[in-house]
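Numbering (my numbering), first residue to last: 308 to 531. No residue lacks a Cβ here, since even glycine has one placed at the ideal position from N, Cα and C.
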Amino acid sequence: MKERDPKVEKQAKRLLKKVDAATFGQRLKRLRIRQGLSVRALAEMASLNKNSIVRIEAGHLGYPSTIIKVCEALGIHLDRLCRGDEGTDTSSAVHRHEQDRWFDLQGLVEGPIGDAETPLSQAERRQYAEQGIETQMVLFQSRPSGGKLWPGLIELYGPSRSRAHPGEEFVYVLSGSLTITIGNEKFDLAAGESIGFWPSEPHSYAPANDSELPTRILCIRIDP
Numbered sequence: 308m309k310e311r312d313p314k315v316e317k318q319a320k321r322l323l324k325k326v327d328a329a330t331f332g333q334r335l336k337r338l339r340i341r342q343g344l345s346v347r348a349l350a351e352m353a354s355l356n357k358n359s360i361v362r363i364e365a366g367h368l369g370y371p372s373t374i375i376k377v378c379e380a381l382g383i384h385l386d387r388l389c390r391g392d393e394g395t396d397t398s399s400a401v402h403r404h405e406q407d408r409w410f411d412l413q414g415l416v417e418g419p420i421g422d423a424e425t426p427l428s429q430a431e432r433r434q435y436a437e438q439g440i441e442t443q444m445v446l447f448q449s450r451p452s453g454g455k456l457w458p459g460l461i462e463l464y465g466p467s468r469s470r471a472h473p474g475e476e477f478v479y480v481l482s483g484s485l486t487i488t489i490g491n492e493k494f495d496l497a498a499g500e501s502i503g504f505w506p507s508e509p510h511s512y513a514p515a516n517d518s519e520l521p522t523r524i525l526c527i528r529i530d531p
């Protein structure tokens, strides 16, 4: 198993200092219930002991590495749980331009890229890509309470690492052209084309060889 970048846990520790442990635990519990997961199911998804989840929800945070595993299993950024925008009881949800926060797809729990207070411009995102952050994602906040859709926009300046998670996934190519690998199969998609698949299969995204950069895709994950 690949070792986690030490700076990820350092950033997680910094984020966790901003929130009361009991408050964080209740937010996590609400999100778990909203996704229809039992404590045991979440523990299995995160490769943790059931008691670890119970302790976190009771307000005992423990190690940042444990929190990171839980957030990755839930498909949520630690930053969102610490800020308290994991979702409220509403029948609709709107995402505005000023809410755009770009994350490194390779390290979603690390927090936003660059300035967390304002959206990044296209020029700024390109600069970060030149520095090595080649897969950038913004998660839209347009997800009503209890909703199962996780919509987001991904900009690809290079290939992503392979990953797998539960649920269902839909990808639509907005601009450029995409090569998506699912298991042992590769699919080349042009702008305006789409694909749906089971993301429990290892999958990765990359700009096609002849694509202008960045390749931009709408990615919608559906919770199980």
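* To do: Note down the Cα distance separating Thr395 from Ala353, rounded to an integer number of angstroms.
  => Along the sequence shown, one-based indexing puts residue 395 at 88. Along the sequence shown, one-based indexing puts residue 353 at 46. Confidence in Thr395 is poor, its pLDDT being 49 and thus under 50, which makes the residue's placement unreliable; the coordinate value appears in the next sentence. Going from the Cα of Thr395 to the Cα of Ala353 covers about 24 Å.
* Buried/exposed call for His384, threshold 16 Cβ in 10 Å -> What you label residue 384 is simply residue 77 of the sequence shown in a count that begins at 1. By the neighbour-count rule (16 or more Cβ atoms within 10 Å), His384 is buried.
* DSSP beta-bridge partners for Pro458? -> Taking the first residue of the sequence shown as position 1, residue 458 is located at position 151. Looking at the DSSP assignment, Pro458 forms a beta bridge with Ile527.
* Nearest-angstrom Cα separation, counted from Ile489 out to Asp327 -> Here residue 327 is taken as the residue at index 20 of the sequence shown, counted from 1. Here residue 489 is taken as the residue at index 182 of the sequence shown, counted from 1. When rounded, the distance between both Cα atoms is 40 Å.
* Asked: Between the Cα of Ile375 and the Cα atoms of Thr330, Leu323, Ser449, which residue gives the shortest distance?
  -> By one-based count along the sequence shown, residue 375 stands at place 68. The shortest C-alpha separation from Ile375 is found at Leu323.
* Inspect the CB distances between the segment 477-485 and the segment 518-530 and report whether three or more fall short of 8 Å. => Output reads yes: the segment 518-530 touches the segment 477-485.
* Please report the Cβ distance between Gln318 and Gly439, rounded to the nearest whole angstrom; I am assuming they are in contact, meaning their Cβ atoms lie under 8 Å. => Stepping through the sequence shown from its first residue, residue 318 is reached at position 11. Stepping through the sequence shown from its first residue, residue 439 is reached at position 132. In this structure Gln318 does not touch Gly439 by the C-beta definition: roughly 16 Å separates them, more than the 8 Å allowed.
* Residues bridged to Trp409 by DSSP? -> Taking the first residue of the sequence shown as 1, we reach residue 409 at position 102. Val445.
* To do: Return the CA-CA distance between Lys309 and Arg468, expressed in angstroms with no decimal places.
  => Position 2 of the sequence shown holds residue 309. Position 161 of the sequence shown holds residue 468. Legend: pLDDT at Lys309 = 46, less than 50; position of this residue unreliable, no value from coordinates given.
* To do: Please state whether DSSP places Leu485 in a helix, a strand or coil.
  => Counting from one through the sequence shown, the residue named residue 485 turns up at place 178. Correct three-state label for Leu485: strand.
* For chain B, find out if any of its Cβ atoms is closer than 9 Å to the Cβ of Leu496; answer yes or no. => No chain B appears in this structure, which consists of one protein chain only.
* To do: Classify Asp327 as helix, strand or coil using the three-state DSSP reduction.
  => Position 20 of the sequence shown, counted from the start, is the residue given in the question as residue 327. The three-state secondary structure of Asp327, taken from DSSP, is coil.
* **Same chain only: Cβ atoms within 6 Å of Lys455, ignoring 5 sequence neighbours per side** => As a position in the sequence shown, residue 455 is number 148, starting the count at 1. Ile529, Asp530, listed in sequence order.
* Can you tell me where the beta strand (DSSP E) with Arg464 in it begins and where it stops? -> Residue 464 sits at position 157 when you count from the first residue of the sequence shown. Position check: residue 464 holds Tyr in this sequence, whereas Arg was assumed. Secondary structure note for Tyr464: it is in no beta strand (DSSP E), with a DSSP letter that is neither H nor E.
* **Local Cβ density within 10 Å of Trp409, reported as buried at 16 or more and exposed below that** => Looking up residue 409 in the sequence shown gives position 102. Looking at its Cβ environment, which holds 16 or more other Cβ atoms inside 10 Å, Trp409 is buried.
* Distance between Lys325 and Lys314 (C-alpha atoms, nearest Å) -> Residue mapping note: residue 314 aligns to position 7 of the sequence shown, counting from 1. Residue mapping note: residue 325 aligns to position 18 of the sequence shown, counting from 1. In a straight line, the C-alpha of Lys314 is about 17 Å away from that of Lys325.
* Cross-strand partners of Leu496 (DSSP beta bridge) -> Here the question's residue 496 lines up with position 189 in the sequence shown. Answer by DSSP bridge pairing, in chain order: Leu485.
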